[in-house]
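In the numbering used here, the protein residues as written are 7 to 221.
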(Lines of atoms letter the chains of each structure in order from A and count residues from 1; the text may use other names and numbers.)
(Lines give C-alpha, C1' and ligand atoms only; values in the text may rest on other atoms or scores of the structure.)
Protein backbone atom coordinates (compact mmCIF):
# COMPACT_ATOMS: atom_id res chain seq x y z
CA UNK A 1 0.00 0.00 0.00
CA UNK A 2 1.36 3.43 -0.93
CA UNK A 3 0.38 5.17 2.31
CA UNK A 4 0.91 4.63 6.01
CA UNK A 5 -2.28 3.02 7.32
CA UNK A 6 -1.21 3.30 10.96
CA UNK A 7 -1.26 7.09 11.05
CA UNK A 8 -4.92 7.06 9.94
CA UNK A 9 -5.96 4.12 12.11
CA UNK A 10 -4.40 5.64 15.24
CA UNK A 11 -5.81 9.14 14.73
CA UNK A 12 -9.11 8.64 12.89
CA UNK A 13 -11.27 9.67 15.85
CA UNK A 14 -9.16 12.58 17.11
CA UNK A 15 -10.19 16.23 16.81
CA UNK A 16 -8.28 18.66 14.60
CA UNK A 17 -6.81 20.38 17.67
CA UNK A 18 -5.52 17.08 19.03
CA UNK A 19 -4.04 16.19 15.64
CA UNK A 20 -2.25 19.54 15.44
CA UNK A 21 -0.89 19.09 18.97
CA UNK A 22 0.62 15.78 17.86
CA UNK A 23 2.44 17.59 15.06
CA UNK A 24 0.65 15.81 12.22
CA UNK A 25 0.97 17.58 8.87
CA UNK A 26 -1.93 19.65 7.57
CA UNK A 27 -2.27 17.46 4.49
CA UNK A 28 -2.70 14.33 6.61
CA UNK A 29 -5.13 16.15 8.93
CA UNK A 30 -7.29 17.13 5.95
CA UNK A 31 -7.40 13.54 4.81
CA UNK A 32 -8.25 12.27 8.30
CA UNK A 33 -11.17 14.72 8.46
CA UNK A 34 -12.31 13.54 5.03
CA UNK A 35 -11.96 9.88 6.00
CA UNK A 36 -14.00 10.47 9.15
CA UNK A 37 -16.79 12.08 7.13
CA UNK A 38 -16.74 9.27 4.56
CA UNK A 39 -16.80 6.72 7.36
CA UNK A 40 -19.85 8.36 8.97
CA UNK A 41 -21.56 8.48 5.58
CA UNK A 42 -20.88 4.76 5.13
CA UNK A 43 -22.35 4.05 8.57
CA UNK A 44 -25.51 5.94 7.65
CA UNK A 45 -25.69 4.17 4.30
CA UNK A 46 -24.19 0.69 4.77
CA UNK A 47 -26.03 -0.85 1.80
CA UNK A 48 -24.74 1.55 -0.83
CA UNK A 49 -22.36 0.29 -3.49
CA UNK A 50 -18.72 1.33 -3.59
CA UNK A 51 -19.40 3.36 -6.73
CA UNK A 52 -21.89 5.45 -4.73
CA UNK A 53 -19.31 6.09 -2.02
CA UNK A 54 -16.89 7.29 -4.69
CA UNK A 55 -19.55 9.62 -6.09
CA UNK A 56 -20.12 11.04 -2.60
CA UNK A 57 -16.41 11.77 -2.12
CA UNK A 58 -16.06 13.47 -5.51
CA UNK A 59 -19.23 15.48 -4.99
CA UNK A 60 -18.21 16.81 -1.57
CA UNK A 61 -14.44 17.28 -1.74
CA UNK A 62 -12.18 19.30 -4.00
CA UNK A 63 -8.44 19.31 -4.60
CA UNK A 64 -5.93 22.19 -4.39
CA UNK A 65 -7.04 23.45 -7.82
CA UNK A 66 -10.68 23.58 -6.65
CA UNK A 67 -11.60 20.65 -8.87
CA UNK A 68 -13.50 17.56 -7.70
CA UNK A 69 -11.12 15.19 -5.98
CA UNK A 70 -9.77 12.60 -8.40
CA UNK A 71 -11.32 9.18 -8.64
CA UNK A 72 -7.95 7.63 -7.79
CA UNK A 73 -7.75 9.63 -4.57
CA UNK A 74 -11.35 8.70 -3.69
CA UNK A 75 -10.58 5.02 -4.19
CA UNK A 76 -7.49 5.41 -1.99
CA UNK A 77 -9.73 6.83 0.75
CA UNK A 78 -11.99 3.79 0.57
CA UNK A 79 -8.96 1.51 0.51
CA UNK A 80 -7.74 3.06 3.76
CA UNK A 81 -11.14 2.72 5.42
CA UNK A 82 -11.54 -0.88 4.28
CA UNK A 83 -8.11 -1.68 5.70
CA UNK A 84 -9.07 -0.11 9.04
CA UNK A 85 -12.68 -1.20 9.54
CA UNK A 86 -13.28 -3.76 6.80
CA UNK A 87 -15.95 -3.89 4.12
CA UNK A 88 -19.23 -2.56 5.50
CA UNK A 89 -21.17 -4.81 3.15
CA UNK A 90 -19.67 -7.80 4.98
CA UNK A 91 -20.26 -6.69 8.55
CA UNK A 92 -19.04 -9.19 11.12
CA UNK A 93 -19.11 -9.45 14.87
CA UNK A 94 -15.53 -8.24 15.02
CA UNK A 95 -16.44 -5.13 13.06
CA UNK A 96 -19.34 -4.34 15.41
CA UNK A 97 -16.99 -4.76 18.36
CA UNK A 98 -14.57 -2.35 16.77
CA UNK A 99 -17.40 0.13 16.15
CA UNK A 100 -18.68 -0.16 19.74
CA UNK A 101 -15.21 0.40 21.14
CA UNK A 102 -14.84 3.53 19.04
CA UNK A 103 -18.21 4.81 20.22
CA UNK A 104 -16.99 4.39 23.80
CA UNK A 105 -13.72 6.16 22.98
CA UNK A 106 -15.59 9.04 21.33
CA UNK A 107 -17.73 9.43 24.44
CA UNK A 108 -14.62 9.17 26.61
CA UNK A 109 -12.97 11.97 24.62
CA UNK A 110 -16.03 14.20 25.11
CA UNK A 111 -16.14 13.37 28.83
CA UNK A 112 -12.46 14.29 29.20
CA UNK A 113 -13.03 17.56 27.39
CA UNK A 114 -15.95 18.41 29.70
CA UNK A 115 -14.05 17.07 32.72
CA UNK A 116 -17.04 14.90 33.61
CA UNK A 117 -15.52 12.50 36.13
CA UNK A 118 -18.71 10.46 36.50
CA UNK A 119 -19.01 9.87 32.74
CA UNK A 120 -15.30 9.05 32.50
CA UNK A 121 -15.65 6.39 35.20
CA UNK A 122 -18.76 4.85 33.59
CA UNK A 123 -17.19 4.72 30.14
CA UNK A 124 -13.94 3.25 31.49
CA UNK A 125 -15.93 0.58 33.33
CA UNK A 126 -17.98 -0.17 30.22
CA UNK A 127 -14.84 -0.42 28.09
CA UNK A 128 -13.18 -2.83 30.54
CA UNK A 129 -16.32 -4.96 30.87
CA UNK A 130 -16.95 -5.16 27.13
CA UNK A 131 -13.34 -6.17 26.39
CA UNK A 132 -13.18 -8.50 29.44
CA UNK A 133 -9.98 -6.88 30.65
CA UNK A 134 -10.49 -8.36 34.12
CA UNK A 135 -10.19 -11.92 32.78
CA UNK A 136 -7.12 -13.93 31.88
CA UNK A 137 -6.66 -14.48 28.18
CA UNK A 138 -7.26 -18.22 27.78
CA UNK A 139 -5.77 -18.19 24.31
CA UNK A 140 -2.40 -16.93 25.49
CA UNK A 141 -0.06 -19.87 24.78
CA UNK A 142 3.09 -17.89 25.57
CA UNK A 143 4.21 -18.10 21.97
CA UNK A 144 6.49 -15.17 22.70
CA UNK A 145 8.61 -17.48 24.87
CA UNK A 146 9.42 -19.79 21.97
CA UNK A 147 13.09 -19.25 21.02
CA UNK A 148 13.72 -17.88 17.60
CA UNK A 149 14.96 -20.40 15.03
CA UNK A 150 17.86 -19.21 12.91
CA UNK A 151 17.99 -21.14 9.64
CA UNK A 152 21.35 -21.68 7.96
CA UNK A 153 22.77 -23.52 4.97
CA UNK A 154 26.18 -23.85 6.64
CA UNK A 155 26.89 -27.62 7.08
CA UNK A 156 29.65 -26.89 9.59
CA UNK A 157 26.95 -25.99 12.13
CA UNK A 158 26.05 -29.72 12.18
CA UNK A 159 29.67 -30.90 12.30
CA UNK A 160 30.01 -31.65 8.57
CA UNK A 161 32.90 -30.45 6.47
CA UNK A 162 32.14 -27.98 3.73
CA UNK A 163 32.50 -29.44 0.21
CA UNK A 164 34.45 -27.07 -2.04
CA UNK A 165 32.53 -25.98 -5.14
CA UNK A 166 29.47 -27.99 -4.05
CA UNK A 167 27.24 -26.79 -6.88
CA UNK A 168 29.69 -28.10 -9.48
CA UNK A 169 29.90 -31.48 -7.74
CA UNK A 170 26.09 -31.75 -7.65
CA UNK A 171 25.79 -30.86 -11.33
CA UNK A 172 28.39 -33.47 -12.30
CA UNK A 173 26.66 -36.23 -10.29
CA UNK A 174 23.23 -35.35 -11.66
CA UNK A 175 24.59 -35.35 -15.20
CA UNK A 176 26.35 -38.66 -14.68
CA UNK A 177 23.61 -40.69 -12.99
CA UNK A 178 20.62 -39.26 -14.78
CA UNK A 179 21.60 -41.44 -17.77
CA UNK A 180 20.72 -44.61 -15.78
CA UNK A 181 23.45 -46.60 -17.56
CA UNK A 182 24.80 -49.56 -15.61
CA UNK A 183 28.31 -49.13 -16.97
CA UNK A 184 28.52 -45.62 -15.54
CA UNK A 185 27.47 -46.79 -12.09
CA UNK A 186 29.80 -49.78 -12.16
CA UNK A 187 32.78 -47.46 -12.38
CA UNK A 188 32.06 -46.18 -8.88
CA UNK A 189 31.40 -49.47 -7.08
CA UNK A 190 33.67 -52.29 -5.97
CA UNK A 191 33.18 -55.20 -8.37
CA UNK A 192 33.99 -58.55 -6.78
CA UNK A 193 35.51 -60.93 -9.31
CA UNK A 194 35.05 -64.69 -8.97
CA UNK A 195 38.34 -66.12 -7.72
CA UNK A 196 40.19 -69.12 -9.16
CA UNK A 197 39.58 -70.99 -5.91
CA UNK A 198 35.83 -70.84 -6.40
CA UNK A 199 36.16 -71.93 -10.02
CA UNK A 200 38.31 -74.91 -8.99
CA UNK A 201 35.79 -75.90 -6.34
CA UNK A 202 33.01 -76.00 -8.91
CA UNK A 203 35.13 -78.29 -11.13
CA UNK A 204 35.67 -80.70 -8.24
CA UNK A 205 31.95 -80.82 -7.52
CA UNK A 206 31.11 -81.49 -11.16
CA UNK A 207 33.71 -84.26 -11.32
CA UNK A 208 32.31 -85.89 -8.15
CA UNK A 209 28.79 -85.85 -9.57
CA UNK A 210 29.98 -87.39 -12.84
CA UNK A 211 31.87 -90.20 -11.10
CA UNK A 212 28.88 -90.93 -8.90
CA UNK A 213 26.63 -91.26 -11.94
CA UNK A 214 29.02 -93.74 -13.61
CA UNK A 215 28.95 -96.02 -10.58
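Glycine included, C-beta positions come from ideal geometry on N, C-alpha and C.
Measuring C-alpha to C-alpha distances from residue 127 to each of 114, 169, 177, 31 identifies 114 as the nearest. The residues 126, in chain order, have a CB closer than 8 Å to that of residue 118 in the same chain once the five nearest residues on each side in sequence are set aside. Distance from the CA of residue 180 to the CA of residue 152, rounded to the nearest whole angstrom, comes to 40 Å. Here residue 53 is exposed, its C-beta having fewer than 16 other C-beta atoms within 10 Å.
DSSP places residue 128 in the helix class (H, G or I) of the three-state scheme. For residue 11 against residue 89, the beta-carbon gap comes to about 5 Å, under 8 Å, which counts as contact. Secondary structure at residue 74: strand, using DSSP grouped into helix, strand and coil. Note that the C-beta distance between residue 41 and residue 83 is below 7 Å. Under a 10 Å Cβ-count criterion, residue 173 is classified as exposed, with fewer than 16 other Cβ atoms of the shown protein chains found around its own Cβ.
The C-beta of residue 22 has fewer than 16 other C-beta atoms within 10 Å across all chains shown, which makes the residue exposed. The straight-line gap separating the alpha-carbon atoms of residue 85 and residue 38 is approximately 13 Å. Within the model, the alpha-carbon separation for residue 184 versus residue 171 is close to 20 Å. Boundaries of the alpha helix (DSSP H) around residue 66: 56 to 66.
The Cβ atoms of residue 154 and residue 161 lie no closer than 7 Å to each other. In the structure shown, residue 152 falls within a coil segment according to DSSP collapsed to helix, strand and coil.
CA-CA distance, residue 175 to residue 87, rounds to 55 Å. By the beta-carbon neighbour count (other beta carbons within 10 angstroms, threshold 16), residue 139 is exposed.
Classified as buried, residue 80 has 16 or more neighbouring CB atoms from the shown chains inside 10 Å of its CB. The C-beta distance from residue 59 to residue 44 rounds to 7 Å, short enough to fall under 8 Å.
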